[in-house]
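Every letter in the sequence shown is one number past the one before it in the numbering used here, and letter 42, counting from 1, is 65. First up is the structure itself, then whatever we jot down about it.
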Amino acid sequence: MVYVVDDDAGVRNSLKFMLRSAGFDVEMFKSGQSFLSNHHPARVGCLLVDFEMPDLTGLELIAEVNQRGWSLPIVLMSAHATVSLAVAAIKAGAFDVIEKPLQPNEVIDGLGRALNETDADRRQRLLRAQMESRLSRLTTREREVLGWIASGQPSKVIARQLGISFRTVEVHRSNIGRKLLARGPADLIRLASASFPGHSPPKGLIEDSARFIPARILKKPEKHCGAPCSL
């Protein structure tokens with residue numbers, strides 16, 4: 024079952040035809056409040072929701088669904104799928120972000136992947152989003168240090184590689200641990216390894232962001248940023 028929430032009747036009708044033709048059962052809602060009032064939490068399926076709506080935005084609806092503990096994978100639609108929106112949506116608990124105007128193959132593929140997501144997949148995705156939220160607090164230098172920590176290098180080696188003092192590396196390690204909520208040195212190494220799979224130094228923001236920003240946005244960031252930007 025796909026639950027479509029969009030205030031535009033034309034979009035709803037188009038999606039109803041598209042999804043039913045693809046074999047999906049569909050229920051339509053014209054607002055977030057209408058969906059919240061009529062959905063039974065025991066019913067399974069996927070939520071396809073528009074970002075810009077008059078009563079609740081897509082992000083607000085995602086937050087409310089998660090607060091109620093409803094186990095629904097959510098795909099967000101937006102005519103302005105910027106990098107910042109994609110990050111916010113995934114952090115809020117969305118499975119994916121689809122850009123309007125909608126392309127049938129992209130919609131059907133995204134919904135299929137969302138419906139196949141298991142509870143374990145969802146928990147893992149939310150954990151990754153939480154970690155990315157913590158990583159976003161790090162400075163560029165702290166991310167560099169974290170990458171070397173992930174590769175198993177001691178502070179003396181990190182200092183030599185980065186051309187900074189041992190003391191400065193130790194200060195960075197302390198700040199990183201605080202921002203990532205590490206419980207101690209061993210936990211910091213575990214978090215570092217999880218942040219940079221392969222135990223290698225960071226190669227830049229695109230490689231890190233690829234875990235949670237849709238590939239089509241990463242490939243053309245200038246198209247999706249509200250102002251000139253680069254990744």
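Even glycine gets a Cβ: it sits at the ideal position worked out from N, Cα and C.
Helix or strand or just coil, what does DSSP make of residue i?
i    : result
V67  : coil
F219 : coil
D73  : strand
M41  : helix
L51  : Note that residue 51 corresponds to Met in the displayed sequence, not to Leu. If DSSP states are grouped into helix, strand and coil, M51 belongs with the strands.
Going by other Cβ atoms of all chains shown within 10 Å of its Cβ, with 16 needed for buried, is residue i buried or exposed?
i    : result
G175 : exposed
A102 : exposed
G133 : buried
F40  : exposed
A205 : buried
D73  : buried
A65  : exposed
L2   : Residue 2 lies beyond the stretch modelled for the chain, which goes from 24 to 254, so this question has no answer here.
A209 : exposed
L150 : exposed
P127 : exposed
Could you tell me whether the Cβ atoms of residue i and residue j are closer together than 9 Å?
i    : j    : result
G92  : V25  : no
V88  : I121 : no
D29  : L38  : yes
R196 : S218 : no
L95  : L70  : yes
L82  : M154 : no
A173 : I212 : yes
Quick check on this structure: which residue in the options has the alpha carbon closest to the alpha carbon of residue i?
i    : options                : result
S216 : K179, V194, R166       : R166
S54  : V34, F47, L125         : V34
E129 : M100, T163, P77, L211  : M100
L138 : F47, K123, G81         : F47
S156 : A109, D132, R206       : A109
D31  : A45, M51, S44          : M51
F118 : L185, D144, G186, S188 : D144
Unbroken beta strand (DSSP E) runs of length 3 or more, entirely within the stretch 78-145: which are they?
-> 97-101, 119-122
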